[in-house]
Each structure stands twice: as structure tokens, then as C-alpha cells.
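Below: the structure, in C-alpha cells.
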Amino acid sequence: MKISTKGRYGLTIMIELGKKYGEGPISLKSIAQTHNLSEHYLEQLAGPLRNAGLVKSVRGAYGGYILAKKPAEITAGDIIRVLEGPISPVEGIEDEEPAKRALWIRIRDAVKDVLDSTTVEDLANHKDDGQVQPYMFYI
């Protein structure tokens, strides 16, 4: 399963709103500038997030977006499903032979477990501890 820029940038929006939760609306322009992203593209993502009840829009000179729920009540899985659709490593799992179908289901369930157990609050409070090691390939 590959997460597109829709899912990645959607997570960026939600993380930024989570970091500023309780401080009032945040403009997509400020998020776009902070992360060097297209404001227009972020606007296209905000609609589905609003329709799904994950964010609320606030009109006016000091308007923008706020989370519709507490950051601890919104999961990465909620966001990814809205923007990317169902979580599945391959299409047509039901057409696969039993051994492969079982593998794809285990992979799907593992990804779902990670996404559904990771909240916006977790992501907003994440501190980079430098523990992630890059892949090293030896020839």
C-alpha cells in the first residue's frame, strides 16, 4: 500500500491543527507556507476532511480550520480512509489463492492497527529522537 500526497498532506494539515488545538483557527495558507506546500492543494483536501466531520471551517478575517474533535479522538486511520479510501495492500484480495489472501489480510490488518492506534495527538506531540536508521545496502 502506498500513501499518496493526498494522505501525506492531509496528515500534515491535521498534525498542524493538533499542535494548535484550542488556540483558534489556523489558515491553510500558514500551513502551506510552513511546509512549503501548495495552498490550493491543501484547500482541495480540507473539503473531504470537513465533510467527514474531522475539521470545522471558521469564516472571517481570522478564519481558518480547527479540529472538530479532540486530537486524541482522531486517528491517522480516520484521515487516511477519508483521503485515500479503504486500506488494502492489494486490490482483489478475494480473487487470490488462499495462502496469498491470508498474507494480504495479515498485512492489511497490521497497517490498520498502526493507523487506528495512532492519534493526531500522538503525531502532534511526536519528538524526533533520531532513532530511525536509514536503510543501508551492501554490495
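Start counting at 1 in the sequence shown, then tack on 994, and there's your number in our numbering. For every residue, glycine included, the Cβ atom is placed at its ideal position computed from N, Cα and C.
| Check | Outcome |
| --- | --- |
| Measuring CA to CA, which of Ser-1082, Asp-1110, Met-1008 and Leu-1109 is closest to Ile-1099? | Ser-1082 |
| Exposed or buried, Glu-1085, counting other C-beta atoms within 10 Å across all chains shown (16 or more means buried)? | exposed |
| Below 9 Å between beta carbons: does that hold for Leu-1031 and Thr-1006? | yes |
| Which parts of the region 1025 to 1112 are runs of the beta strand (DSSP E), unbroken and 3 residues or longer, counting only runs that do not cross its ends? | 1049 to 1052 and 1058 to 1061 |
| Mind checking Tyr-1059: buried by the 16 CB within 10 Å criterion, or exposed? | buried |
| Pairs of beta-carbons, one from the region 1105 to 1121 and one from the region 1010 to 1018, closer than 8 Å: are there three or more? | yes |
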